[in-house]
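In full-length UniProt numbering, the protein residues as written are 1 to 331. Structure first, commentary second.
If you want it as structure tokens, here you go:
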């Protein structure tokens, strides 16, 4: 039979109330007594009743993490950074994968509220008005990772996605490319990838290159979409390079080019985005924009725990540095 709080009190020679104070970190118990209680807890293998404890403290020491696509290597690395910090502060994680489905996102937000999570680390597929309205209604501490909200003061951790894409496309232009295709999210989606499309357009404009809609394919960040997208583009026009808003898209693009007898980078340059592990082991190794993925998760979780504990944030919107990684998919 599992040990109870009464067993711990008996073993430590204290009252149940004293054990409860130690468990809830109330600073009225002297160090010697606290040490006896902690030793009794370890000896008996006592685990507090989380449900009963949460009803009293209104805390569950549980944090929800919502991600749009668990199959994308980018998000598990963010979760790893977040979970490492959560473990340090003794928080548990509930992981929710939405499969790029807005309705599923909204349902998970409601479920996490019902589960009485202390806060949410949120990576949204698209921060549409109905999502923002629901967040405001549910009223729990939240930090956005990867994206920023428009007109809503939700703390966030991200990079300057528009500038990162601008830097990537400018790099392709400096390589002598002029017919640069784009595969990724469009401006109607409120997320990080949409900001990359803005950076793509700005780089073309800055370098007096025409924006050709035949070279643009809007889609989500999966390899099969890159494969399909480049085939659609090639059926309409000629290109000399491709800017992809994820490494997964770039992998799909390169596979499609191979199947069409087109060499990378000899015939066409391909650039990815994110610098996930796949980018360094795929052939050819991807030239890509690197984000500090692990740090985004760990910083976001530290911010969220501070909010839960009602501590002041030094910064509400962190913009972390990006880096262009040169490898073998561009000449």
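Backbone N, C-alpha and C fix where the C-beta goes; we use that ideal spot for every residue, glycine too.
Cβ-Cβ distance between residue 249 and residue 226 below 7 Å: Along the chain shown, read from residue 1 onward, the residue named residue 249 stands at position 249. Along the chain shown, read from residue 1 onward, the residue named residue 226 stands at position 226. A contact, by the Cβ cut-off of 7 Å.
Helix, strand or coil for residue 69 per DSSP? Walking along the chain shown from the start, residue 69 turns up at place 69. For residue 69, the secondary structure class from DSSP, reduced to helix, strand or coil, is coil.
Runs of 3 residues minimum, wholly inside the stretch 224-291: which ones carry the beta strand (DSSP E) assignment? 241-244, 269-274 and 287-290
Does DSSP put residue 218 in a helix, in a strand, or in coil? By one-based count along the chain shown, residue 218 stands at place 218. Strand, per DSSP.
Taking 7 Å as the cut-off, decide whether the C-beta atoms of residue 100 and residue 68 are in contact. Taking the chain shown and counting its residues from 1, one reaches residue 100 at position 100. Taking the chain shown and counting its residues from 1, one reaches residue 68 at position 68. Closer than 7 Å, so yes.
Between 140, 115, 306 and 96, which has its C-alpha nearest residue 125's C-alpha? Start at 1 with the first residue of the chain shown, and residue 125 comes out as number 125. Ranking 140, 115, 306 and 96 by CA distance to the CA of residue 125 puts 96 first.
Buried or exposed (CB count within 10 angstroms, at least 16 for buried), residue 217: On the chain shown, position 217 is the one that residue 217 refers to. Answer is buried; the Cβ neighbour count reaches 16.
What is the rounded straight-line gap between the Cα of residue 39 and the Cα of residue 66? The residue given as residue 39 occupies position 39 in the chain shown. The residue given as residue 66 occupies position 66 in the chain shown. Distance between the alpha carbons of residue 39 and residue 66: 37 Å.
Please report the distance separating the alpha-carbon of residue 335 from that of residue 276. Only positions 1 to 331 of the chain appear in this structure, which leaves residue 335 out of reach.
Bridge partner(s) assigned by DSSP for residue 181: Translated into positions along the chain shown, residue 181 becomes position 181. DSSP, once it has assigned bridges, lists 242 as partnering residue 181.
Tell me, which residues are paired with residue 329 by DSSP? For this step, residue 329 is matched to residue 329 along the chain shown. Answer by DSSP bridge pairing: none, since residue 329 is not bridged.
Can you check whether the CB of residue 106 is closer than 7 Å to the CB of residue 127? The residue you call residue 127 lines up with position 127 of the chain shown. The residue you call residue 106 lines up with position 106 of the chain shown. Contact flag unset, no.
How is residue 97 classed by DSSP in three states: helix, strand or coil? Here the question's residue 97 lines up with position 97 in the chain shown. If DSSP states are grouped into helix, strand and coil, residue 97 belongs with the strands.
Straight-line Cα distance separating residue 238 from residue 137: Numbered from 1 along the chain shown, position 137 holds the residue referred to as residue 137. Numbered from 1 along the chain shown, position 238 holds the residue referred to as residue 238. Spanning the two alpha carbons is a distance of roughly 49 Å.
For residue 255, collect the residues of the same chain with a Cβ closer than 7 Å to its Cβ; drop the 5 residues on either side in sequence, then sort them by chain order. By 1-based counting over the chain shown, the position of residue 255 is 255. Closer than 7 Å at the Cβ level, and outside the excluded window around residue 255, lie 227.
Does the stretch 25-44 come close enough to the stretch 73-83 that 3 or more CB-CB pairs lie under 8 Å? no
Which residues DSSP lists as bridging residue 119, in chain order: Position 119 of the chain shown, counted from the first residue, corresponds to residue 119. Residue 119 is bridged to 63.
Quick test of your reading: residue 278 and residue 259, contact by CB under 8 Å. State the CB separation rounded to the nearest angstrom. Along the chain shown, one-based indexing puts residue 278 at 278. Along the chain shown, one-based indexing puts residue 259 at 259. No, residue 278 and residue 259 are not in contact; Cβ-Cβ is about 19 Å, not under 8 Å.
For residue 109, tell me which candidate among 88, 141 and 90 has the shortest Cα-Cα distance. Indexing the chain shown from 1 puts residue 109 at position 109. Of the candidates 88, 141 and 90, the one whose C-alpha sits nearest the C-alpha of residue 109 is 141.
Three-state secondary structure assigned by DSSP to residue 320: Your numbering for residue 320 matches position 320 in the chain shown. Three-state DSSP puts residue 320 in a strand.
For residue 178, which option in 34, 25, 207 and 22 has the closest C-alpha, if you only look at C-alpha atoms? On the chain shown, position 178 is the one that residue 178 refers to. Each of 34, 25, 207 and 22 was checked against the Cα of residue 178, and the nearest Cα belongs to 207.
On the three-state DSSP scale, how would you describe residue 44? In the chain shown, residue 44 corresponds to position 44, counting from 1. Helix at residue 44.
For residue 112 and residue 64, what's the separation of their Cα atoms in angstroms? One-based indexing of the chain shown puts residue 112 at position 112. One-based indexing of the chain shown puts residue 64 at position 64. So the alpha carbons of these two residues sit roughly 6 Å apart.
Closest to residue 212 by C-alpha separation, out of 200, 219 and 223, would be which residue? Stepping through the chain shown from its first residue, residue 212 is reached at position 212. Distance from the Cα of residue 212 is smallest, within the candidate group 200, 219 and 223, for 200.
Do you know how far the Cα of residue 165 is from the Cα of residue 84? As a working mapping, residue 84 is identified with position 84 in the chain shown. As a working mapping, residue 165 is identified with position 165 in the chain shown. Distance between the alpha carbons of residue 84 and residue 165 is about 30 Å.
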